[in-house]
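Presented below is the structure to which this report refers.
Protein chains: 2
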Amino acid sequence: MIKAKAWALRKHFDGFPKDGDFELKEEQLPALKDGEVLLEAVFLSVDPYMRPYSRVRMKEGDVMIGTQVAKVVESRNSSFAVGSYLVSRCGWRTHSISDGKDLTPLLSDWPENIPKSLALGTLGMPGLTALYGLMEVCEIKAGETVLVNAAAGAVGSVVGQIAKIKGCKVIGCAGSDEKIAYLKEIGFDEVFNYKTVSSLEDALKKASPDGYDCLFENVGGHFSSVAIPQMKTFGRIAVCGSISLYNDTTPQTGPYVQPHMIFKQLRMEGFLVHRWEHKNVESLKQLMAWVKEGKLKYSEHITTGFDKMPAAFMGMLKGDNIGKAIVKV
Amino acid sequence: MIKAKAWALRKHFDGFPKDGDFELKEEQLPALKDGEVLLEAVFLSVDPYMRPYSRVRMKEGDVMIGTQVAKVVESRNSSFAVGSYLVSRCGWRTHSISDGKDLTPLLSDWPENIPKSLALGTLGMPGLTALYGLMEVCEIKAGETVLVNAAAGAVGSVVGQIAKIKGCKVIGCAGSDEKIAYLKEIGFDEVFNYKTVSSLEDALKKASPDGYDCLFENVGGHFSSVAIPQMKTFGRIAVCGSISLYNDTTPQTGPYVQPHMIFKQLRMEGFLVHRWEHKNVESLKQLMAWVKEGKLKYSEHITTGFDKMPAAFMGMLKGDNIGKAIVKV
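Quick note, the sequences are listed as chains F and V, same order.
Taking my numbering, I'd label the letters of the first sequence as residues 48 to 376.
Taking my numbering, I'd label the letters of the second sequence as residues 48 to 376.
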């Protein structure tokens, strides 16, 4: 019998999450039935989407939603060998039992020198989000100018690099000088710290005086109000996240976007990565190829200890991480 | 020598236009040169776009922009016979001289019993706007639910009828009981007067409890804030106009749209009718066919007298018209 630990949502978040909103539970796991596997978490993901989804997908007392890289420690399912690694959507748990339906094996030729935790980042959901947002939603073309905010985050850092691979000019902004230095290192053309510039509008104008063909939107709110008027005619806005709005107790307001949308014939589209799930294997192979070639660099912000899940989550929401925020058990 | 009258923008509009912002001028037109034609206005158009475009396309003293159905009264251009009718973009003028480049002849088989003024409405720019917004931007499919606001206007009334022709369920709203009666008459499935409902949110929910696949947006502002949360997953919003915002002196604000855009994967696209100009002849033939078959009904709000152009324009902005607002010289 295995004792599993799990982090539950004790109380729905009201504004920014706090320690008391989480509760560590212990569960006794039963013996495996035929077709089941026992999983042990190795790396767990903390992601922005967990904040808005806590309200719509969870009730108080539920285990926090989320994905993890897990190791199969016992198996009564011939598709999953003991010792193999996979991605599970079982939430914030140290151990879990699965019938295999919700499990995604890691790419079969995963190189030894590439951390398996990347299956939660550059070679997982955030990497796919960046790829699909650019290719399917923005439909970027070589020579275009792409703006991405929260650029040093798990998604943003991949967005900028893929846009560069595809021949675009990339402008990124982030909230610390350390992040800005990182963005330069991974090849962004123009970068600025939105917290220290005297005017966001001027900073955007200076970074690309001709405006922007594409905006990969992770932040929303005030940033979008300033950026949208600087889009070029026929500009595309991929709305991936709106982290500046997730912790609102009353919705923030800003100028209506319609006049800009009309006169510049802009297209704005929200998306969820699952829309293109049928392409995931092929897409992950592409991302892996770029990582192997050194064209797609990665950075991880690793917190050690399952007990630190809430702290890692709140730190990520505050922007502590450069690259993907990961918890290592 | 012809004396032409023309309405000029005396002063840039500050908020809602007023009489003193316009100025009636007289111009002496010179004799025609080779290749030129002399046009006499028969019907002139007043349209919402003139309000926002006055700021970006005109300087004080310029003649107001706009289109008209004109008659060729003298011709030194073999392409345009005296007595023929065409659409000219010469602005608010009784007479004008053209080298023919900016002129669009009326469809060659225009029936006697169909008013030529429709070339400024259902069989002109507003009709094309409705068609392209539905087919190219919203990409409507039979069985979908389409919401249109300012539904009794020149564009909205065509939107609803084309959506019906294409097999959609159509909900329209407008600002008077007379308009609502008209919308019922031309086949809208559900209609309501947004000025008299106690709650816009409830009215929209009642009209389509399952939500909306498409929103044809002519109004913007508060309406959009209430409608967007009621879009279905993968909903499309064609942003054609935002008449509720055109007269703002300081931009109105509302809740940011990004969270809804993401979690419902909505697409919002602004558009200008000229984008599909290459399809206009074919499209106008389609609209004409529907008019002849009685599937596409029209209504015109005709003001007589060139001197009433400003009043007709301001009345249209206030929503006086059912169908297309036209000035007959």
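All C-beta atoms, glycine included, are put in the ideal place defined by N, C-alpha and C.
This one's a predicted model, so the numbers in the text were calculated from it and none came from an experiment.
query	result
Proximal residues to L79(F) (C-beta, below 7 Å), its chain only, five neighbours per side dropped	L85, E121, R123, I144
Identity of the residues DSSP links to K118(F) by a beta bridge	E87(F), Y132(F)
T300(F), enclosing beta strand (DSSP E) - first and last residue	300-302
Cβ separation of T114(F) and S131(F), assumed to be a contact under 8 Å, to the nearest whole Å	With a Cβ gap of about 16 Å, T114(F) and S131(F) do not count as contacting.
Bridge partners - L56(V), DSSP secondary structure assignment	F69(V)
Option nearest R57(V) by Cα separation, candidates I49(V), K106(V), A51(V)	K106(V)
Contact residues within the segment 150-166 of chain F, judged by C-beta distance below 7 Å to chain V	none
Environment of R140(V) [buried if 16+ CB atoms lie within 10 Å]	buried
DSSP-derived helix/strand/coil call for K216(F)	strand
Neighbourhood of I207(V) by C-beta distance below 8 Å, restricted to the same chain and skipping five residues each side	Correcting the residue type first, residue 207(V) is Gly in the shown sequence and not Ile. Contacts found: V193, V195, A198, V217, G219, L230, I233, G234, F235.
CB contact check: Y303(V) to chain F, cutoff 7 Å	yes
Residue-chain proximity (T297(V), chain F), Cβ-Cβ < 7 Å	no
Short CB-CB distance (under 7 Å) between T300(F) and chain V	yes
Cutoff 6 Å; reference L313(V); Cβ partners in own chain excluding five residues on either side	M278, G282
For K375(V), the residue or residues it bridges with in DSSP	F90(V), T351(V)
Contact set for S164(V): own chain, Cβ-Cβ below 7 Å, skip 5 residues either direction	F90, V116, E347, I373
Of the listed residues I187(V), G267(V), Y179(V), M363(V), nearest to V320(V) (C-alpha basis)	Y179(V)
Exposure of T169(F), with buried meaning 16 or more beta-carbon neighbours within 10 Å	buried
Residue interval of the alpha helix (DSSP H) (run including R314(F))	From DSSP, R314(F) is part of no alpha helix (DSSP H) but of the beta strand (DSSP E) over 314-317.
C-beta contact flag for G267(F) and S291(F) at 7 Å	yes
Complete runs of the beta strand (DSSP E) confined to the segment 149-193 of chain F [at least 3 residues]	150-152
One or two residues paired with S289(V) in a DSSP bridge	Answer by DSSP bridge pairing: none, since S289(V) is not bridged.
Same chain, Cβ closer than 6 Å to G62(F), neighbours up to 5 away in sequence not counted	N294, T296
Reference F263(F), options E316(F), K253(F), S135(F), L343(F), closest by Cα	E316(F)
Any 3 or more C-beta pairs closer than 8 Å across the segment 330-341 of chain V and the segment 149-158 of chain V	yes
Start-to-end residues for the beta strand (DSSP E) that takes in F263(F)	259-264
Near-chain F residues of the segment 301-331 of chain V (beta-carbon distance less than 8 Å), N- to C-terminal order	G301, P302, Y303, V304, Q305, P306, H307, M308, I309, F310, K311, Q312, L313, R314, M315, E316, G317, F318, L319, R322
Residue environment, T350(V), which counts as buried when at least 16 other CB atoms sit within 10 Å	buried
Interface residues of the segment 118-137 of chain V facing chain F [CB-CB below 9 Å]	none
Backbone secondary structure at A221(F) - three-state DSSP	strand
Distance between M111(V) and M97(V) (C-alpha atoms, nearest Å)	8 Å
Euclidean distance between Cα positions of G352(F) and A88(F)	11 Å
7 Å Cβ cutoff, V286(V) in contact with chain F	yes
Cutoff 7 Å; reference A177(F); Cβ partners in own chain excluding five residues on either side	V202, V205, V206, I209
Start and end residues, beta strand (DSSP E) containing N240(F)	237-240
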